[in-house]
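First comes the structure, then the notes that go with it.
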Amino acid sequence: MPSENPAKKDSYPLVCYACGALNRVPQGAALSDGKCGKCSKPLATRKPIDIDSAIFERLLTHDKGRYVIDIWAPWCGPCRMMAPSYEQAAEALADHIRLFKLNSDTHQDVSARLGIRGIPTLIAYQGGREIAKQAGAQTGDGLMQWIRAALKP
Ligand SMILES: [Zn+2]
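Okay, so the sequence shown: first residue is 4 according to my numbering, each after it adds one.
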């Protein structure tokens, strides 16, 4: 038999939010069960994860998984209004979709690059591509439905 690694075909690269290392994850595997091969942090958590522009750059360049980023700022009322719903969504979706937050005050380079005009802005990514983008706060079921509709399995 020719030597072939079938696992490789059915896996995809996922960037660790903590150290930026690339991990290969089997399709359909629960992310919250996996750990980073480099830093041993879980691949996903049940809470939104704050990331910086360096990690976001790694995600945009290398990550083929499903994730959402919330561009927000501490002074923004609608951002704070959406935060509890975003936390609930992270809790519910952690096995397959990672929810990130990026502070637009401390990482203005990212806001400029993405052409963010108002916050909060949510952007959903899958397979290395931007799938959906939404400006303005969403809460409760509306937020969950938006994420599920954007990032189908
Ligand atoms: Zn890591």
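We put the CB at the ideal spot given by N, CA and C, even for glycine.
Note that the coordinates shown come from a computational prediction; the quantities given were computed from them, not determined experimentally.
Given that a residue counts as buried once 16 or more other Cβ atoms are within 10 Å of its Cβ, and exposed if not, what is residue i?
i       : result
Gly-68  : buried
Cys-42  : exposed
Ala-57  : exposed
Trp-78  : exposed
Ala-10  : Because the pLDDT at Ala-10 is just 48, under 50, the model does not fix this residue reliably, and the value given afterwards should be weighed accordingly. The residue is exposed, with fewer than 16 neighbouring Cβ atoms inside 10 Å.
Pro-16  : exposed
Asp-144 : exposed
Gln-111 : exposed
Is residue i near ligand 1, judged by its Cβ being under 7 Å from some heavy atom?
i       : result
Ala-21  : yes
Cys-82  : no
Ala-57  : no
Ala-47  : no
Cys-79  : no
Ala-92  : no
Ala-157 : The first residue shown for the chain is 4 and the last is 156, placing residue 157 beyond what the model contains.
Lys-67  : no
Lys-44  : yes
Lys-50  : no
Lys-41  : yes
What does a CB cutoff of less than 8 Å around residue i pick up in its chain, not counting 5 residues either side in sequence?
i       : result
Ala-140 : Pro-81, Cys-82, Met-84, Met-85, Pro-123
Taking the C-alpha atoms as reference points, what is the distance between residue i and residue j?
i       : j       : result
Ser-35  : Arg-49  : 8 Å
Arg-120 : Leu-105 : 15 Å
Gly-23  : Trp-75  : 22 Å
Ala-97  : Met-147 : 12 Å
Leu-125 : Glu-94  : 17 Å
Arg-132 : Ala-33  : 21 Å
Pro-5   : Asp-73  : Residue placement at Pro-5 is poorly supported in this model, since its pLDDT is 49, which falls under 50; the coordinates are not used for a value here.
Val-18  : Ala-92  : 20 Å
Name the DSSP beta bridge partners of residue i, please?
i       : result
Asp-55  : Its beta-bridge partners do not exist; DSSP assigns none.
Thr-124 : Ile-74, Ala-138
Pro-87  : Its beta-bridge partners do not exist; DSSP assigns none.
By Cβ distance below 6 Å, which residues in the same chain neighbour residue i in space, the five residues on each side in sequence not counted?
i       : result
Ala-135 : Ala-127, Ala-153
Tell me which residues share the same chain as residue i and place their Cβ nearer than 7 Å to its Cβ, disregarding the 5 neighbours each side in the sequence.
i       : result
Thr-142 : Met-84, Met-85, Ser-88
Ala-21  : Cys-39, Cys-42, Lys-44
With a threshold of 7 Å (Cβ to nearest heavy atom), would residue i be considered close to ligand 3?
i       : result
Lys-155 : Ligand 3 is absent from the structure shown, which contains only ligand 1.
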